[in-house]
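Since the structure comes first, as structure tokens, the remarks are kept for the end.
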Amino acid sequence: TIGRPINLFYLKDNIRQRIEATPTGFSVVNTDISFSSTAILEELENFPERFSPNVVLRPVFQELILPNVTFIGGGGELAYWLKLKRVFQAVGIDFPVLLLRNSFLILEDAAVAQIEQLSLDCIDFFQPLAVLENQLVKRDSSMVLNLNKEKEAIIEQYQTIKAHATKADRSLQKHIEALQVNALQKIEAVEKKMLKAEKKRFESQIRKLQKVKDQVFPNGVLQERAENMLPYYARWGADFIQLIYRYSLTHESSFCIIEEITA
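Using this note's numbering, the first residue of the sequence shown is number 10, and each one after it goes up by one.
Right, here's the structure in full:
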């Protein structure tokens with residue numbers, strides 16, 4: 010379930026506060042304003058502008074006064090709208106067809122060059138930074154940073170121990186398995202320490218990773234949710250608008266990555 014029992018705010022004299030039910034009617038939170046059940050309906054009839062929907066009712070209100078066949082939005086918006094189907098059903102308003110809009114990521118020439126230097130692809134940067142750092146170090150390090158063979162050997166040893174121990178007492182099986190898990194966890198802890206130590210040799214590459222990651226996901230969110238188009242327009246002019254228009258397809262709902270390539 011989402012929302013509250015009453016999903017409306019009351020607007021008057023520079024206040025916007027929630028309306029809540031009371032044993033005798035309704036009250037406006039953090040104010041002295043209250044209504045009986047009859048009085049609040051009269052207030053709604055006489056001053057509809059004093060009642061403001063919250064996030065649950067806003068889409069319903071929007072579709073009531075300006076109905077749409079289709080609502081086009083980003084991923085976050087559509088996830089929000091999908092939660093509201095039952096709200097629309099409850100009030101008898103048609104729920105529009107939801108269409109995911111196209112999204113864009115703009116990579117300037119410096120970021121493109123750094124991605125190439127790192128022998129990565131822009132798609133790689135959609136992974137968490139820590140995962141990307143580990144992949145790069147494991148890929149480029151001359152050191153053995155995994156102990157898979159050793160872990161396999163430990164498993165084999167404990168299988169042998171378990172076979173011998175359970176012949177003597179079957180109740181020892183769980184104890185041996187717990188010892189095996191504990192031994193593997195200690196080996197994995199050693200692996201993490203080895204990787205952490207090796208990362209120090211890759212500080213320069215990791216700084217480049219972080220710089221590109223900050224351009225792809227500024228402040229940890231999609232570029233389109235953090236940046237304005239004006240800096241790009243100032244840099245490339247009307248050609249930038251035409252480029253976005255050219256690759257804004259209709260119903261494909263694509264995520265388009267535009268890379269700046271300098272001669």
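Virtual Cβ for every residue (Gly too), placed ideally from N, Cα, C.
Just so we're clear, the structure is a prediction, and the values are computed from it rather than from any experiment.
Starting from residue i and walking both ways along the alpha helix (DSSP H), at which residues does that stretch end?
i	result
Glu142	Leu138 to Asp149
Ser46	Ser46 to Asn55
Lys92	Per DSSP, Lys92 belongs to no alpha helix (DSSP H) and is neither H nor E.
Could you tell me if residue i is buried or exposed, where buried requires 16 or more neighbouring beta carbons within 10 angstroms of its beta carbon?
i	result
Gln214	buried
Thr259	exposed
Pro240	exposed
Lys202	exposed
Phe56	exposed
Ser151	exposed
Leu53	exposed
Report all residues from its chain with a CB closer than 6 Å to the CB of residue i; omit the five preceding and five following residues, and keep chain order.
i	result
Ile266	Leu114 and Cys131
Check the DSSP bridge columns for residue i and list the partner residues they point to.
i	result
Glu29	Ser36
Phe80	Leu107
Ile115	Ile267
Ile24	Lys21
Pro62	Leu17
Ser43	Ser36
Between residue i and the rest of its own chain, which residues show a CB-CB distance below 8 Å, the 5 nearest in sequence each way excluded?
i	result
Lys208	Glu142, Val146 and Ile215
Ile270	Asp118 and Val121
Ala177	none
Gln224	Leu116, Glu117, Ala120 and Gln232
With a threshold of 7 Å on Cβ separation, who are the neighbours of residue i within its own chain once the five nearest residues in sequence on each side are excluded?
i	result
Val106	Val78 and Thr79
Asn39	Gln26
What is the residue span of the beta strand (DSSP E) that residue i lies within?
i	result
Pro68	Careful: Pro68 lies outside any beta strand (DSSP E), inside the alpha helix (DSSP H) at Arg67 to Ile74.
Exercise. In the stretch 152 to 208, which residue ranges form an unbroken alpha helix (DSSP H) of at least 4 residues, counting only runs that do not cross its ends?
Worked result: If you keep only unbroken alpha helix (DSSP H) runs of at least 4 residues inside the stretch 152 to 208, you get 157 to 177 and 182 to 208.
Exercise. What are the start and end residues of each continuous beta strand (DSSP E) run of 3 or more residues lying completely inside the stretch 207 to 249, in chain order?
Worked result: Those beta strand (DSSP E) runs which fall completely within the stretch 207 to 249 and span 3+ residues do not exist here.
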